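These notes are about the structure you will find just below.
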Amino acid sequence: MSASNPLFGDLLLKLGVVTPGQVQEALALQALTGQRVGEALISLGYVSREQIQDALGEALGLNHEKGPAQPPLGELLVGLKYVTLAQLDEALARQRRDGRRLGEILVELGHCTYKQIYEALGVQNRIVGRQDLPRPATEGRRRVVVVDDSPLACAFVQEGLVALGYEVLCFQDPYEALEGMGRLQPAIVLSDLEMPGLDGVELCRRLKEGPRSAIPVIMLTANDREAERVRGLRAGADDYVNKSASMDELAARIESVVRRTGETERMRKLFARYTSDAVVEEILKSADAAVLAGEKREVTVLFADIRNFTGLAESLPPEQVVAVLNQVLGRLSDAVLTCGGTLDKFLGDGLMAVFGAPVGRPDDALRGLQCAKMMMEAVAELRAMAEAEWVAHGREGRPLVLELGVGLNSGVVVSGNIGSALRAEYTCIGDAVNVAARLCALAGPGEILVGERTRELVDANETAFEDLPPVRLKGKQQPVPLYRAL
């Protein structure tokens, strides 16, 4: 049996390396490109070359020394006692039908939380260990990866760029180049447009859709047809250079693209300190078009407020107050981003978060509720740490206890950039936001109050709620149904 045999896909299925949907996708790609099933799975990003080699060794009965294998996520969740075998089988059966991620299905079924999924993934990474460490670039020289099926073309570009002070690594095999991007971490990729098997456009598309999407790509071609240039640019190429161009022109294009990409990355890192990756992507994709535009969508809004913070602020020096506030808000915002929410804004000793804008998911309400519970756990951990530190320093009495109140509500809002052309803020506006803020104000220490629509959206997951008497909220003519999350 070889990696070119369709039965090899069956072996990978039996070993639990891939899903049926992934094998079908690889077989479809094989029919188009003629490449082997194993190579198709590697190029699609579903397996590594090491996993293919291990599978071949298994098929041939070879007993060779292997490094630590990556345990399946499901097995880890069972081992950590986060899910049962029956729950895992139910999720795997659903995954085989629709091909979605196992973690999302388990959370959707109510068998575990996103926090538990992330913990299991962390254990998985620690068990398998990291792959080869990235090879550092030679100090003071930009690393350029050249991908061209012609050895002569590779040698020509390498010789010219090395003479201009670049470090150049060449690949005739585009699949090998894709696989090595994480290890090599080039400053830029130069790819031939026309290559057999995997052409430059497809290589660029896969690179831009993968974890190394920030690496810029310049297309090199002798074909000057406009249609080909457009095809490459639509795949995400950052520039396009004719092979007849001089080395000085190529170097100038490289520097221009690297400089432009660096500025974008600096913007991304700056924005990411204040908001979620989803909002950053929207801003970077259409910075001019998204100035004041808004759209209606159903979201789940979360408000969290620290209780007793005024008393703490009165009992500590200002610098310590800021340190405590940063520590607490840091843990709360981590919970928001872990559950896939948008950190809308900090509000003194609290925050507002949105689940469903700018990117919506079917389980946004559930994500919001699990985020609220993660926040409560985080505050409890910080409180225990503060009490332990108090005792360790031999202080009398007890430290001032910090608690958290959370309000959660779902409904239709207008989301977008609110403000002027010079200064705008991405946020959500609507009655659902006002109700969530009112519920947060009503919540007692350690309490999560939930609106009616949020309960409806998460009820299918059998999350426990306690019915509370309806309350009158400011601006509402009728009493509002109220629930406490347990």
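310 is the number that my numbering gives to position 315 of the sequence shown; each next residue is one higher, with no gaps. Even glycine gets a Cβ: it sits at the ideal position worked out from N, Cα and C. Quick caveat, the model's predicted, so the values are computed rather than measured.
Best match in the options for proximity to residue i [C-alpha to C-alpha]
| i | options | result |
| --- | --- | --- |
| Ala373 | Arg137, Cys149, Gly441 and Val12 | Gly441 |
| Val515 | Pro465, Leu215 and Pro211 | Residue 515 lies beyond the residue range present for the chain, which begins at -4 and ends at 481; the question has no answer from this structure. |
| Lys291 | Ala232, Glu260 and Ser410 | Ser410 |
| Leu463 | Arg95, Gly470, Val475 and Pro313 | Val475 |
| Leu444 | Gly325, Arg378 and Ala299 | Ala299 |
| Ser43 | Leu297, Glu99, Glu174 and Leu72 | Glu174 |
| Met190 | Val157, Val184 and Ser145 | Ser145 |
| Val152 | Lys238, Gly439 and Arg200 | Lys238 |
| Asp358 | Glu293, Asp329 and Leu377 | Glu293 |
| Gln322 | Gly336, Ser310 and Phe304 | Phe304 |
| Glu91 | Glu258, Val102, Tyr161 and Val13 | Residue identity differs from the one stated: residue 91 is Arg in this sequence, not Glu. Checking every option, the nearest Cα to that of Arg91 belongs to Val13. |
| Tyr77 | Leu116, Gly94, Arg95 and Tyr41 | Leu116 |
| Gly446 | Ala387, Leu361 and Ala381 | Leu361 |
| Leu403 | Phe350, Gly105 and Cys107 | Phe350 |
| Asp194 | Leu179, Arg226, Arg95 and Arg207 | Arg226 |
| Gly94 | Arg255, Pro15, Leu311 and Val196 | Pro15 |
Status (buried if at least 16 other CB within 10 Å, exposed otherwise) for residue i
| i | result |
| --- | --- |
| Ala222 | exposed |
| Pro353 | buried |
| Glu461 | exposed |
| Gln473 | exposed |
| Ser110 | What sits at residue 110 in the sequence shown is Lys, not Ser. Under this definition Lys110 is a buried residue. |
| Glu34 | buried |
| Tyr478 | buried |
| Leu185 | buried |
| Met369 | buried |
| Ser405 | buried |
| Pro181 | buried |
| Leu57 | Its pLDDT being 47, under 50, Leu57 is placed unreliably in this model, and the value from its coordinates should be taken loosely. Flag for Leu57 reads exposed. |
| Met347 | buried |
| Lys61 | A caution first: Lys61 carries a pLDDT of 45, below 50, which makes its placement in the model unreliable, though a value can still be read off. Counting Cβ neighbours within 10 Å, Lys61 comes out exposed, since fewer than 16 surround it. |
| Asp143 | buried |
| Leu27 | exposed |
| Lys471 | exposed |
| Met380 | exposed |
| Val428 | buried |
| Ala480 | buried |
| Thr216 | buried |
| Ile183 | buried |
| Ala494 | A question about residue 494 goes unanswered here, because the residues of the chain that appear run from -4 up to 481. |
| Pro169 | buried |
| Leu147 | exposed |
| Thr484 | In the structure displayed, the chain extends from -4 to 481; residue 484 sits before or after that span and is not available. |
| Tyr501 | Coverage of the chain is limited to positions -4 through 481, which leaves residue 501 absent and any answer about it impossible. |
| Ala367 | buried |
| Arg137 | buried |
| Glu420 | exposed |
| Val430 | buried |
| Val196 | buried |
Where the alpha helix (DSSP H) containing residue i begins and where it ends
| i | result |
| --- | --- |
| Gly74 | Leu68 to Gly74 |
| Leu202 | Gly195 to Glu204 |
| Tyr478 | That residue, Tyr478, is in no alpha helix (DSSP H); its beta strand (DSSP E) goes Val475 to Ala480. |
| Leu87 | Leu80 to Asp93 |
| Pro169 | Pro169 to Leu179 |
| Thr449 | Glu447 to Val453 |
| Ser38 | Val32 to Ser38 |
| Ile413 | Not the alpha helix (DSSP H): Ile413 falls in the beta strand (DSSP E), residues Glu398 to Gly414. |
| Thr216 | Thr216 -> not in any alpha helix (DSSP H); beta strand (DSSP E) instead, spanning Val212 to Thr216. |
| Ala21 | Pro15 to Thr28 |
| Arg433 | Asp426 to Leu437 |
| Gly155 | Pro146 to Ala158 |
| Val102 | Leu97 to Glu103 |
Short Cβ contact (8 angstroms threshold) for residue i with residue j
| i | j | result |
| --- | --- | --- |
| Cys334 | Gln315 | no |
| Leu7 | Glu20 | no |
| Val331 | Leu338 | yes |
| Ala81 | Ile100 | no |
| Leu159 | Met214 | no |
| Gly363 | Thr295 | yes |
| Leu71 | Leu83 | no |
| Val163 | Val141 | yes |
| Leu97 | Gly69 | yes |
| Cys199 | Ala232 | yes |
| Val401 | Leu297 | yes |
Residue span of the beta strand (DSSP E) that contains residue i, given as start and end
| i | result |
| --- | --- |
| Tyr235 | Asp234 to Asn237 |
| Lys368 | Premise fails: Lys368 lies in the alpha helix (DSSP H), Asp359 to Ala387, not in any beta strand (DSSP E). |
| Met190 | Here Met190 belongs to no beta strand (DSSP E), and DSSP marks it neither H nor E. |
| Arg418 | Note, Arg418: premise wrong, no beta strand (DSSP E); not H, not E. |
| Arg326 | Looking at the DSSP string, Arg326 is not in any beta strand (DSSP E); the run it does join, the alpha helix (DSSP H), is Pro313 to Thr333. |
| Cys165 | Glu162 to Phe166 |
| Arg302 | Gly289 to Arg302 |
| Asp339 | Thr337 to Phe341 |
CB contact below 8 angstroms: residue i versus chain C
| i | result |
| --- | --- |
| Gly306 | Within the model displayed, chain C is absent; a lone protein chain is all it includes. |
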